[in-house]
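Enquirer: Please see the structure below; I have some questions.
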């Protein structure tokens with residue numbers, strides 16, 4: 001049982017390059033989320049998808065786009081990477097209630 | 113004012129002591145609350161969920177909730193070096209979105 005799988009685990013980009021972070025869950029959860037984590041800032045919500053076919057902005061959506069490809073997969077795209085997007089990115093899924101979120105292992109992204 | 117506030121620490125306790133971690137939140141309408149543990153370089157993992165005022169115990173962990181004071185706490189009894197981690201408080205908001213505090217670093221000294 002893999003849970004939530006994120007790829008890649010590490011990435012270095014040059015300013016202006018684009019990339020897509022992939023996330024897949026095998027728990028049949030309806031909701032999926034992308035967070036970024038920066039030192040001293042905690043986890044901040046970038047985008048979320050309450051169900052297949054819907055996406056909404058979170059607290060810090062600028063510079064990002066998302067696609068909910070199907071119930072399992074939720075990708076995050078950086079169209080033109082900036083050094084301010086250097087961070088650790090976590091994908092999570094949830095069915096609500098007391099089980100909270102299940103997180104992927106994270107992607108450590110550095111933009112130079 | 114941040115929606116969820118935690119003392120960043122580090123909080124240092126000796127092995128075997130009780131560690132007390134605190135969290136306050138601003139949205140009086142919040143109904144459910146979570147504590148996550150995050151080891152360095154790893155992803156957060158859920159350790160406690162609470163939604164009723166009072167205490168909830170699970171093994172060495174006790175979560176305490178006071179909605180009138182907008183305050184959630186986590187007590188770790190008989191602290192072990194393996195408890196050394198960052199503890200994240202999270203509050204559930206509209207649309208099942210979790211808002212996280214910045215986390216408290218706990219160090220348990222053997």
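Chains as they are written, first to last, in the working numbering: chain A, 1 to 112; chain B, 113 to 222. Where is the CB? At the ideal position from N, CA and C, for every residue including glycine.
(1) Run through chain B and tell me which residues come within less than 8 angstroms of residue 103 of chain A, C-beta to C-beta.
(2) Name, please, each residue of chain B whose Cβ falls closer than 7 angstroms to the Cβ of residue 98 of chain A.
(3) Kindly list, in the order they appear in chain B, the residues whose Cβ is closer than 8 angstroms to that of residue 31 of chain A.
(4) From what residue to what residue does the beta strand (DSSP E) around residue 54 of chain A run?
(5) Measure how close the beta-carbons of residue 4 of chain A and residue 94 of chain A come, nearest whole angstrom, since I'm counting them as under 8 angstroms.
(6) What's the C-alpha gap between residue 166 of chain B and residue 151 of chain B?
(7) In the DSSP assignment, what residue or residues form a beta bridge with residue 126 of chain B?
(8) Please determine, among B/214, B/222, B/219, the residue with the shortest C-alpha to C-alpha distance to residue 38 of chain A.
(9) Between the stretch 10-21 of chain A and the stretch 79-91 of chain A, can you find at least three pairs of beta-carbon atoms closer than 8 angstroms?
(10) Check this for me: beta carbons of residue 205 of chain B and residue 142 of chain B, under 9 angstroms apart or not?
(11) Rounded to whole angstroms, how far is the Cβ of residue 31 of chain A from the Cβ of residue 48 of chain A, which I believe are closer than 8 angstroms?
(12) Decide yes or no for the touch test of the stretch 181-189 of chain B against the stretch 125-144 of chain B: beta carbon pairs closer than 8 angstroms, at least 3 of them.
(13) Do we get a CB-CB distance below 9 angstroms when we pair residue 116 of chain B with the residues of chain D?
(14) Which residues bound the beta strand (DSSP E) around residue 13 of chain A?
(15) Which stretch, first to last residue, makes up the beta strand (DSSP E) that contains residue 118 of chain B?
(16) Can you check DSSP and say which residues form a bridge with residue 42 of chain A?
(17) Could you give the distance in angstroms between the alpha-carbon of residue 218 of chain B and the alpha-carbon of residue 198 of chain B?
(18) How would you call residue 136 of chain B, buried or exposed, if buried means at least 16 neighbouring beta carbons within 10 angstroms?
Expert: Considering the structure as presented:
(1) Neighbours of residue 103 of chain A on chain B, chain order: 155, 156, 157.
(2) Those within 7 angstroms of residue 98 of chain A in chain B are 161.
(3) 208
(4) Element bounds for residue 54 of chain A: n/a, residue is neither H nor E.
(5) Residue 4 of chain A to residue 94 of chain A, Cβ: 10 angstroms. No contact.
(6) CA-CA distance, residue 166 of chain B to residue 151 of chain B, rounds to 28 angstroms.
(7) Beta-bridge partners of residue 126 of chain B (DSSP): B/221.
(8) Among B/214, B/222, B/219, the Cα nearest to that of residue 38 of chain A belongs to B/214.
(9) yes
(10) yes
(11) Right, their Cβ atoms sit about 7 angstroms apart.
(12) yes
(13) The structure shown contains no chain D; its protein chains are A and B.
(14) 10-13
(15) 116-118
(16) A/38
(17) 6 angstroms
(18) Residue environment for residue 136 of chain B: buried (at least 16 other C-beta atoms within 10 angstroms of its C-beta).
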